[in-house]
Amino acid sequence: MNTNLKTASRLLLMALFMFGFGYLLVPIYDILCEVTGLNGKTGVVQAEYTQSVQADKTRRVKVQFVTSVSAGLPWTFRPVVRDIEVVPGVVTSVNFEATNLAGTPIIGSAVPSVSPSVASKYLNKTDCFCFVRQRLEAGEKKIMPVAFIVDGRIPKHVDLLTLSYTFFPALKS
Amino acid sequence: MSELTANHDEHSHHPTGIKRWLTTTNHKDIGTMYLVFSLIMFFIGGAMAMIIRLELFQPGLQFVDPQFYNSMVTMHALIMIFGVVMPAWTGFANWLVPMMIGAPDMALPRLNNWSFWILPFAFSLLLITLFLPGGAPAGGWTMYPPLVLQTGAAFPFLIFAVHFLGASSIGGAINVLATVFNMRAPGMTLLKLPLFVWTWIITGFLLVASLPVLAGAVTMLLTDKFFGTSFFSAAGGGDPVMFQHIFWFFGHPEVYILILPAFGVVSAIIPTFCRKPLFGYNSMVYAVAAIAFLSFIVWAHHMFTVGMPLAGELFFMYTTVLIAVPTGVKVFNWVATMWKSAMTFETPMLFAIGFVILFTIGGFSGLMLGVTPVDFQYHDTYFVVAHFHYVLVTGAVYSLMAATYFWLPKWTGYMYDEALGKWHFWLSTISVNVLFFPQHFLGLAGMPRRIPDYSVQFAEFNVISSVGGFVYGLSQLLFVYIIVKCVRGGQKATDRVWEGAQGLEWTLASPPPYHSFNTPPDPSTIDGGVR
Chain A
2 MNTNLKTASR LLLMALFMFG FGYLLVPIYD ILCEVTGLNG KTGVVQAEYT QSVQADKTRR
62 VKVQFVTSVS AGLPWTFRPV VRDIEVVPGV VTSVNFEATN LAGTPIIGSA VPSVSPSVAS
122 KYLNKTDCFC FVRQRLEAGE KKIMPVAFIV DGRIPKHVDL LTLSYTFFPA LKS
Chain B
60 MSELTANHDE HSHHPTGIKR WLTTTNHKDI GTMYLVFSLI MFFIGGAMAM IIRLELFQPG
120 LQFVDPQFYN SMVTMHALIM IFGVVMPAWT GFANWLVPMM IGAPDMALPR LNNWSFWILP
180 FAFSLLLITL FLPGGAPAGG WTMYPPLVLQ TGAAFPFLIF AVHFLGASSI GGAINVLATV
240 FNMRAPGMTL LKLPLFVWTW IITGFLLVAS LPVLAGAVTM LLTDKFFGTS FFSAAGGGDP
300 VMFQHIFWFF GHPEVYILIL PAFGVVSAII PTFCRKPLFG YNSMVYAVAA IAFLSFIVWA
360 HHMFTVGMPL AGELFFMYTT VLIAVPTGVK VFNWVATMWK SAMTFETPML FAIGFVILFT
420 IGGFSGLMLG VTPVDFQYHD TYFVVAHFHY VLVTGAVYSL MAATYFWLPK WTGYMYDEAL
480 GKWHFWLSTI SVNVLFFPQH FLGLAGMPRR IPDYSVQFAE FNVISSVGGF VYGLSQLLFV
540 YIIVKCVRGG QKATDRVWEG AQGLEWTLAS PPPYHSFNTP PDPSTIDGGV R
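Chains A and B are the protein sequences, given in the same order. Under the numbering used here, read the first sequence as residues 2 to 174, first letter to last. Under the numbering used here, read the second sequence as residues 60 to 590, first letter to last.
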């Protein structure tokens, strides 16, 4: 009987370990995505970095902007310019415009994503409205800036990047 | 083993009536309950499939509204996977593993009783959602967020049902593994185990290793919905695609949980009716182990289209296609066993041969789906539906039918009606191909799965498929009739039942005594009983 209980408790321990492993997959996934840029999560860099990057004046990379608003958020949200040609290594600033159509103040937060995913780690933002939550008063229209820099080491075959933002209602925390 | 000292091993001392079944810790009783439960669920899940085929009989929306249709698709899958195939295999393991290894009972009889009795409660939770406001879960059995988070009142029922089902299966798996590792008769070494036992060892490890991951994933869904976490919510920094990775990390081993015991069953039946040892026993064991290992590193082939880097797609494609090698070894061994043998074609053998041929067709379409560039065309079409029904219906379910016909005379002491069994086989085999084969064409032509309506160009193949579906569904009533008839009586079965049957369970009387192998079998009977 004892050997049966011993085998059973070992197997139960294995099951508990695998339950934990399921949760461990979450940070593993995040780290993998960060290292490889797989899900289009972009980098954030400090201001000093921007000075150290060599501008590659011979290249031009086109950056498109795509915006969307999640269901349940009564906002409009659009880029002021739809696309822009940038020189890798040079800080570029663009504006986005959001309007709260509701009669009450609403807090939203924007989630960025870059495609193609191989290029996402080369698009670094030095300033972005997505870093903090945005509060829009009833009917308020707000111009929000993004400053970004395309790393000069971006693979040669990439000449078009898409930066997309989706606004979600901010989660209560 | 207390029976030995108590000296009443020849009698079946147990309470009668409902109390017998509620409190039983006897492996044969629990095995019977698992199998009856599974058969009932087979008809509930089957009725849902009939509703699906009825709605798809014509283009347009005729009988059910799309939300209910989606519930049917979702519940059909959950019931067939967790309510039919998994409990049925645990039922067969309960009945057969102790008798095959010469053990008196399962290692942990009380856990065994719990593992079974969780199931009716879990399925009550799941089935009651049909009557809740908002209806039953309709986001697909894969429960992808964010869609599944829109499930109404049924959502927590779904999650807790999955938790219970997982607990039940893990309990069953622990029991089988403890039984096989600790209670084998003297002389029954690991490489003398019947292949059904071997496949169940591997299945047991797959269950213990993969079901907790599913439990974790659905727990994350639960906390995302009710407790403000953001595992899969992009708004809170999570990622819905991550759910797919975690789900399929469980999901791919799960498909082998459903099919590996089938390999064991077929490896027992084919040598019996070929009157010849199984070709390549050792390679069969290694092939099953190889398939089980590979099943943990191929999960992302279910999600080639989510946007993976080339390296990832290549890795998952190569490992997926690699599974064809050990699977090919198995099919080769079954065919090689049949080669130049004195075959007879009783119903279990017919179902086993049907399994080998039709499962291989499902394997081939699986290979096609495993090749990344073409998967982009097949993804989420009826081609996928055709593929997994070939491997699950004509694979897993066929082997369950084969196993039932094969061991039913041993369990009941009576032969089933052979003529009716053959009718059941031929009706099923013709109709199941009429049902699922046209779905390959529908998929290649671009008909999406999980949609109640379709373009008129798909109408003809859907009519054919639905007619096949209705005939297949009705044919299964014959199966129930044959079982009931066999349980009630008939021609007496001999102890060995089949001329070529090999293995310890055939050395017992038919039906076997309530407590068998209270004294271990004679080791000299073991060697002949294995290969």
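For each residue, glycine too, the CB sits at the ideal point set by N, CA and C. Note that the structure is predicted; figures quoted are calculated from it, not measured.
- Look at Asn85/B: its C-beta is not under 7 Å from any C-beta on chain A.
- Looking at the backbone, the Cα of Glu141/A and that of Leu102/A are separated by about 8 Å.
- Between Gly422/B and the set Met158/B, Met362/B and Ile318/B, the nearest pair of CA atoms involves Ile318/B.
- Contact check between the segment 170–179 of chain B and the segment 89–97 of chain B: three or more CB pairs, one atom from each, fall below 8 Å, which counts as touching.
- Of all alpha-carbon atoms in Phe520/B, Val415/B and Ala461/B, the one lying nearest the alpha-carbon of Ala445/B is that of Phe520/B.
- In chain order, Asn241 make up the part of chain B whose C-beta sits under 7 Å from the C-beta of Thr4/A.
- DSSP places Glu138/A in the coil class of the three-state scheme, outside both helix and strand.
- Cβ atoms of Asn392/B and Leu337/B come within 8 Å of each other, at about 7 Å.
- In the structure shown, Leu164/A falls within a strand segment according to DSSP collapsed to helix, strand and coil.
- Contact check for Val388/B and Ala346/B: beta-carbon distance about 4 Å, within the 8 Å limit, so the pair qualifies.
- Apart from sequence neighbours up to five positions away, the residues of its chain that approach Tyr123/A with a beta-carbon distance below 7 Å are Val151, Asp152, Arg154 and Ile155, ordered along the chain.
- Interface criterion met: the Cβ of Val112/A is under 7 Å from a Cβ in chain B.
- Taking the CA atoms as reference points, Pro432/B sits about 31 Å from Gly296/B.
- Residue contact check for Ala294/B against chain A: a CB pair falls below 7 Å.
- DSSP assignment within the segment 298–326 of chain B yields no whole alpha helix (DSSP H) run of 4 residues or more.
- By the rule that beta-carbons nearer than 7 Å mark a contact, Met301/B touches chain A.
- Against Val133/A, chain B offers no close residue; the least beta-carbon distance is about 13 Å (beta-carbon pairs closer than 7 Å).
- Scanning its chain for C-beta atoms nearer than 8 Å, with the 5 sequence neighbours on each side dropped, one finds around Lys335/B the residues Thr396, Ser400, Ala401 and Gly559, in chain order.
- In this structure, His222/B and Ala274/B form a Cβ contact; the two beta carbons are roughly 6 Å apart against a cut-off of 8 Å.
- Gly109/A has Gln135/A and Pro170/A as its beta-bridge partners, per DSSP.
- Chain order gives no chain B residues near Thr68/A, where near means a beta carbon separation below 7 Å; the closest approach is about 14 Å.
- A check of alpha carbon separations from Trp398/B across Val522/B, Leu467/B and Cys333/B identifies Cys333/B as the nearest.
- The segment 56–63 of chain A and the segment 83–91 of chain A touch, with no fewer than 3 CB-CB distances between them shorter than 8 Å.
- Going by C-alpha positions, Met19/A is about 46 Å away from Gln117/B.
- Against chain B, the beta carbon of Ala16/A has neighbours under 7 Å at Ile229, Val267 and Pro271, listed in chain order.
- For Gln65/A, the uninterrupted beta strand (DSSP E) segment begins and ends at Val62 to Val70.
- When only Cα atoms are considered, Pro204/B and Trp257/B end up about 37 Å apart.
- The shortest CA-to-CA distance from Ala349/B to any of Leu381/B, Ala232/B and Arg169/B is the one to Leu381/B.
- Below the 9 Å Cβ cutoff, chain B contributes Ala293 and Ala294 as neighbours of Thr167/A, in chain order.
- Per the coordinates, the alpha-carbon of Val133/A lies some 19 Å from the alpha-carbon of Pro75/A.
- When DSSP states are grouped into helix, strand and coil, Tyr513/B belongs to the coil group.
- Sequence-distant partners of Ala237/B (beyond 5 residues in either direction) whose C-beta falls short of 7 Å from its own C-beta, in its chain, are Ala166 and Leu167.
- In this structure, the CA atom of Ser326/B is about 45 Å from the CA atom of Ala212/B.
- Judged by DSSP in its simplified three-state form, Arg79/A adopts strand.
- With contact defined as three or more Cβ pairs closer than 8 Å, the segment 446–461 of chain B and the segment 112–132 of chain B are not in contact.
- Using a Cβ distance threshold of 7 Å, Ser269/B and Phe309/B count as a contacting pair.
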